[in-house]
Amino acid sequence: MATANDKLQDESLAHAFWVSRYSTGVANRMIKVLNDSDAELTARLLVAIDTLDPESFTVSRLEALLVSVRAINKDAIQSMYAALSTELQELAKHEASFQMSLFQFAIPDDVLALHPLVGISPDAVYAAAMARPFQGRLLSELACNLEADRMARISNTVRQGFLLGDTHEQIAKKGRGHA
Numbered sequence: 014m015a016t017a018n019d020k021l022q023d024e025s026l027a028h029a030f031w032v033s034r035y036s037t038g039v040a041n042r043m044i045k046v047l048n049d050s051d052a053e054l055t056a057r058l059l060v061a062i063d064t065l066d067p068e069s070f071t072v073s074r075l076e077a078l079l080v081s082v083r084a085i086n087k088d089a090i091q092s093m094y095a096a097l098s099t100e101l102q103e104l105a106k107h108e109a110s111f112q113m114s115l116f117q118f119a120i121p122d123d124v125l126a127l128h129p130l131v132g133i134s135p136d137a138v139y140a141a142a143m144a145r146p147f148q149g150r151l152l153s154e155l156a157c158n159l160e161a162d163r164m165a166r167i168s169n170t171v172r173q174g175f176l177l178g179d180t181h182e183q184i185a186k187k188g189r190g191h192a
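Okay, structure coming up:
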């Protein structure tokens, strides 16, 4: 008969594989949310740079023309962050339930009778996840920085395109690659 530690080890390994597949699925869904806005972002970028005369190109004029692009980018990032927050709340509910049931499954009934388990709330799991840095940043900071980074790359792509004499379509295409 398997010991409690053996059961916990087996279930933890299986759960680690599940979490890995789940995280890949979440990443793909977040990328889809961002990609869904790319066509609109590219169209707005093309309209903005079509009104920009290469002879009178200035950074301040470019920034003024990119207002609609910035709005689309902000909406896309906010949609992605909202979807990610929802995913994380659902995962927190699952994890709180999973951990409790895992220990109830692995620990013998005699031990549970003497030492009953107390679960953790999904809200506490969610709060812990939001307070833990991901790639050196909190998740909320990551969303803010992603928005600014995407706009900086788009703006730099447009500047470089005008400097190199690219057509507006080429610039928009390169901009979409950076969005």
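All the letters of the sequence shown, read from the start, carry residue numbers 14 to 192 under this note's numbering.
C-beta: ideal position from N, C-alpha, C; glycine also.
The model shown is predicted, which means the values in this text are computed figures rather than measured ones.
Query, Result
"Which residue from Val138, Ile120 and Leu127 puts its Cα closest to that of Met14?", "Ile120"
"What is the residue span of the alpha helix (DSSP H) that Phe147 lies within?", "No alpha helix (DSSP H) holds Phe147; DSSP gives it neither H nor E."
"Which whole-angstrom value describes the C-beta separation of Ala89 and Leu47, a residue pair presumed to lie in contact below a C-beta threshold of 8 Å?", "6 Å"
"Is it right to say Glu160 is buried, meaning 16 or more other beta carbons lie within 10 angstroms of its own, or is it exposed?", "buried"
"Under three-state DSSP, which class holds Asp70?", "It is Phe, not Asp, that sits at residue 70 in the sequence shown. Correct three-state label for Phe70: coil."
"Can you give, in chain order, each stretch of the beta strand (DSSP E) that sits fully within the segment 94-128 and has at least 3 residues?", "none"
"Rounding to the nearest angstrom, what Cα-Cα distance links Gln148 and Asp123 in this structure?", "43 Å"
"Starting from the C-beta of Met93, find all residues in its chain whose C-beta is less than 6 Å away, skip the five residues before and the five after it, and write them out in chain order.", "Met43, Val46 and Leu47"
"Ends of the alpha helix (DSSP H) at Thr37?", "Ala17 to Asp63"
"Can you tell me whether DSSP reads Ala185 as helix, strand or coil?", "helix"
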